[in-house]
Amino acid sequence: MASAPSTDVRVRFCPSPTGNPHVGLVRTALFNWAFARHHQGTLVLRIEDTDAARDSEESYRQLLDSLRWLGLDWDEGPEVGGPHAPYRQSQRMDVYADVARRLKEAGHAYDCYCSAEELEDRRAAARAEGRPSGYDGHCRDLTAEQTAAYLAEGRSAIVRFRMPDKAITFTDLVRGELTFTPENVPDYGIVRANGAPLYTLVNPVDDALMGITHVLRGEDLLSSTPRQIALYEALIGLGVAKQIPEFGHLPYVMGEGNKKLSKRDPESSLNLYRERGFLPEGLLNYLSLLGWSFSADRDVFSPAEMVAKFDIGDVNANPARFDLKKAEAINADHIRLLTPEAFAEACTPWLRAPHAPWAPEDFDEAAWQAIAPYAQTRLTVLSDITANVDFLFLPEPAADEASWAKAMKEGSDALLRTAREKLDGADWSSPEALKEAVLAAGEAHGLKLGKAQAPVRVAVTGRTVGLPLFESLQVLGRDRALARIDAALARLAG
Numbered sequence: 190m191a192s193a194p195s196t197d198v199r200v201r202f203c204p205s206p207t208g209n210p211h212v213g214l215v216r217t218a219l220f221n222w223a224f225a226r227h228h229q230g231t232l233v234l235r236i237e238d239t240d241a242a243r244d245s246e247e248s249y250r251q252l253l254d255s256l257r258w259l260g261l262d263w264d265e266g267p268e269v270g271g272p273h274a275p276y277r278q279s280q281r282m283d284v285y286a287d288v289a290r291r292l293k294e295a296g297h298a299y300d301c302y303c304s305a306e307e308l309e310d311r312r313a314a315a316r317a318e319g320r321p322s323g324y325d326g327h328c329r330d331l332t333a334e335q336t337a338a339y340l341a342e343g344r345s346a347i348v349r350f351r352m353p354d355k356a357i358t359f360t361d362l363v364r365g366e367l368t369f370t371p372e373n374v375p376d377y378g379i380v381r382a383n384g385a386p387l388y389t390l391v392n393p394v395d396d397a398l399m400g401i402t403h404v405l406r407g408e409d410l411l412s413s414t415p416r417q418i419a420l421y422e423a424l425i426g427l428g429v430a431k432q433i434p435e436f437g438h439l440p441y442v443m444g445e446g447n448k449k450l451s452k453r454d455p456e457s458s459l460n461l462y463r464e465r466g467f468l469p470e471g472l473l474n475y476l477s478l479l480g481w482s483f484s485a486d487r488d489v490f491s492p493a494e495m496v497a498k499f500d501i502g503d504v505n506a507n508p509a510r511f512d513l514k515k516a517e518a519i520n521a522d523h524i525r526l527l528t529p530e531a532f533a534e535a536c537t538p539w540l541r542a543p544h545a546p547w548a549p550e551d552f553d554e555a556a557w558q559a560i561a562p563y564a565q566t567r568l569t570v571l572s573d574i575t576a577n578v579d580f581l582f583l584p585e586p587a588a589d590e591a592s593w594a595k596a597m598k599e600g601s602d603a604l605l606r607t608a609r610e611k612l613d614g615a616d617w618s619s620p621e622a623l624k625e626a627v628l629a630a631g632e633a634h635g636l637k638l639g640k641a642q643a644p645v646r647v648a649v650t651g652r653t654v655g656l657p658l659f660e661s662l663q664v665l666g667r668d669r670a671l672a673r674i675d676a677a678l679a680r681l682a683g
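With this note's numbering applied, the sequence shown corresponds to residues 190 to 683, in that order.
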């Protein structure tokens, strides 16, 4: 269990606006949000949009919209403002240029003129000799004459940070104490040859200037931490930073085949879950379980309950496997926890165009309100509602040939005639009376209720599975239900 922070907590979530949001990215945002809220701290949203070739304004807008849909609000950042604006890195280039200049002047960074071919040749030689193949410090201490010679050749230079010749040890909030030896953490680039700053510079510089106290991020960035700690030490010396933040590296999210879930995996896209009708609280609940647990005997809880319980020290360092079935099951639990009014409202998008296959004027609000309570206990995702209630609003039941073939066996016509007769004389104010009518029809043909109701269900709804049959019949009404049985009998006769 991690101890309570001794300072005011300031954490950040700093995504790049490239493509659709990834569920692993959302998990990182969620853990930062929960940590900040648990400690009454501040969550900073910062946009890392320095890659002009990949970043897009559309992705940026989609990112903000997704965070708002999930309910992951931020205290400083785009469209909110704050004392450290701007919060888009593309608007902070002068800041990075100034810090890079000061690092060079103080001897913490230097120009490197090595070509890509030279670097690769030296790396290959190092690998062949069994030595670490990182940058070998070739340009660390160039003389003025050597620099002039490179410039005379027309070479351009990147800026590299000079790593100290010492081991770097820190206590990871998730993984405990870690040590990196200098031979495994070589000097690294912080500014491209064209003057564009790299992530390795802009990320820690912004964290320093924005007073970030805790950096919670993915395990894939663990190897960059000793570099950033060394840079922080230099920034403190320059007066840019006041402290080195604490780091916690969240476990990988694994997909099929025990491989890291990537943007290429369909189940990684946040938009997929939104389009399918996951509830924000259901999706967040499941994502929180990817590396953390509420308790040994409970896995369904609200975002507020997660905030109250969340401790970064409880996060498991082992990789977490994404399980779509588990995510759906937890979402179904959250659907059932909605009030009837909230459930009916949440389903609204899937009862309207473009999702609904019926004409807008054929939608019957009273019928929907009557059937909604039976649907709420059976849905896994909200988009399932369309196929479950379309029989109420379509002129004829949906044509599902597989369901027809499965339900309409030899003798089904005789059963349907008997069922129609029994239903015609039944009390339609009571689902139980409709059940007794179909049960009696089945008994007349030597069938139990399960076998007897299958042809009736397909005749009336078009499908072999769906909402409770007798409640569905009641909401559909006597005239429409009997007319559909008549149509099924005519088809069987034909």
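All C-beta atoms in this analysis are idealised placements derived from N, C-alpha and C, irrespective of residue type, glycine included. Keep in mind it's a predicted model, so treat the numbers as computed, not measured.
Range of the contiguous alpha helix (DSSP H) that encloses residue i
i, result
"Arg-312", "305-317"
"Phe-220", "212-227"
"Tyr-249", "246-259"
"Asp-602", "601-613"
"Lys-703", "Any answer about residue 703 is impossible in this case: the structure gives the chain only from 190 up to 683."
"Glu-334", "333-341"
"Lys-598", "Where Lys-598 is concerned, there is no enclosing alpha helix (DSSP H), given that its DSSP letter is neither H nor E."
"Gly-639", "638-650"
"Leu-681", "667-682"
"Met-282", "282-294"
"Leu-583", "Counting along the chain, Leu-583 falls outside any alpha helix (DSSP H), and DSSP gives it neither H nor E."
Closest by C-alpha distance to residue i, when choosing among the options
i, options, result
"Asn-577", "Leu-604, Tyr-285, Glu-550, Leu-540", "Leu-540"
"Thr-402", "Lys-448, Arg-257, Leu-665, Arg-199", "Arg-199"
"Ala-298", "Ser-345, Pro-353, Arg-250", "Pro-353"
"Gly-177", "Arg-652, Pro-620, Tyr-475, Phe-483", "The chain is shown only over 190 to 683; residue 177 falls outside these bounds and no answer can be derived."
"Gly-693", "Ile-347, Ala-531, Val-429", "Lying before the first or after the last residue shown, residue 693 is absent from the chain, which here runs from 190 to 683."
"Pro-734", "Gly-208, Arg-291, Asp-553, Tyr-285", "Outside the shown range of the chain (190 to 683) lies residue 734, about which nothing can therefore be said."
"Val-570", "Lys-514, Arg-606, Phe-580, Asp-579", "Lys-514"
"Pro-415", "Ala-356, Glu-660, Thr-607", "Ala-356"
"Thr-653", "Glu-590, Val-404, Leu-411, Ala-506", "Glu-590"
"Phe-511", "Ile-524, Leu-662, Glu-445, His-634", "Glu-445"
"Ala-419", "Pro-492, Pro-434, Gly-683", "Pro-434"
"Leu-214", "Ser-304, Leu-424, Pro-440, Arg-311", "Pro-440"
"Asp-395", "Glu-294, Gly-323, Asp-283", "Asp-283"
"Glu-610", "Gln-280, Ala-672, Ala-289, Leu-527", "Ala-672"
"Ser-412", "Thr-566, Phe-436, Leu-427", "Phe-436"
"Gly-426", "Leu-450, Val-404, Asn-447, Ala-397", "Ala-397"
"Glu-585", "Asp-675, Gln-229, Ser-245", "Asp-675"
"Phe-359", "Tyr-421, Tyr-339, Gln-565, Glu-318", "Tyr-421"
"Leu-292", "Arg-525, Leu-390, Thr-575, Asn-505", "Leu-390"
"Leu-612", "Tyr-339, Leu-658, Ala-341, Leu-583", "Leu-658"
"Phe-350", "Pro-375, Lys-452, Glu-366", "Pro-375"
"Arg-329", "Thr-528, Glu-456, Ala-314, Tyr-377", "Tyr-377"
"Leu-256", "Ser-245, Ala-241, Pro-206", "Pro-206"
"Leu-259", "Asp-454, Asp-486, Leu-472, Met-495", "Leu-472"
"Glu-660", "Ser-618, Arg-281, His-228, His-327", "Ser-618"
"Ala-559", "Leu-656, Ile-519, Thr-370", "Leu-656"
Delimiting residues of the beta strand (DSSP E) encompassing residue i
i, result
"Ala-356", "From DSSP, Ala-356 is part of no beta strand (DSSP E); its letter is neither H nor E."
"Leu-232", "231-234"
"Thr-368", "365-369"
Nearest-angstrom Cβ-Cβ length linking residue i and residue j, presumed shorter than 8 angstroms
i, j, result
"Asp-325", "Gln-278", "No, Asp-325 and Gln-278 are not in contact; Cβ-Cβ is about 30 angstroms, not under 8 angstroms."
"Pro-234", "Ala-225", "Going by the sequence as given, residue 234 is Leu instead of Pro. Wrong, their Cβ atoms sit about 11 angstroms apart, outside the cutoff."
"Pro-549", "Ala-542", "7 angstroms"
"Ile-236", "Pro-204", "7 angstroms"
"Ala-630", "Leu-662", "With 8 angstroms as the limit, Ala-630 and Leu-662 do not qualify as a contact, their Cβ atoms being about 13 angstroms apart."
"Ala-506", "Val-363", "5 angstroms"
"Ala-218", "Leu-253", "Wrong, their Cβ atoms sit about 12 angstroms apart, outside the cutoff."
"Asp-687", "Phe-582", "The first residue shown for the chain is 190 and the last is 683, placing residue 687 beyond what the model contains."
"Ile-501", "Gln-565", "Not confirmed; about 36 angstroms, so no contact."
"Ala-596", "Ala-535", "That belief does not hold up - the Cβ atoms of Ala-596 and Ala-535 are roughly 31 angstroms apart, past 8 angstroms."
"Val-649", "Ala-670", "5 angstroms"
"Asp-616", "Ala-622", "4 angstroms"
According to DSSP, residues forming a beta bridge with residue i
i, result
"Pro-386", "Val-380"
"Thr-414", "Looking at the DSSP assignment, Thr-414 forms no beta bridge with any residue, so it has no partner."
"Leu-405", "Gly-437"
"Phe-202", "Leu-234"
"Tyr-299", "Arg-349"
"Glu-265", "Val-233"
"Arg-277", "Ile-236"
"Asp-361", "Gly-365"
"Gly-270", "Gly-266"
Output the residue ranges of the alpha helix (DSSP H) runs that lie fully inside the segment 518-567 and measure 4 residues or longer, sorted by chain position. 529-536, 554-565
I'd like the ranges of any alpha helix (DSSP H) spanning at least 4 consecutive residues and lying wholly in the segment 438-518. 459-465, 469-477, 492-498
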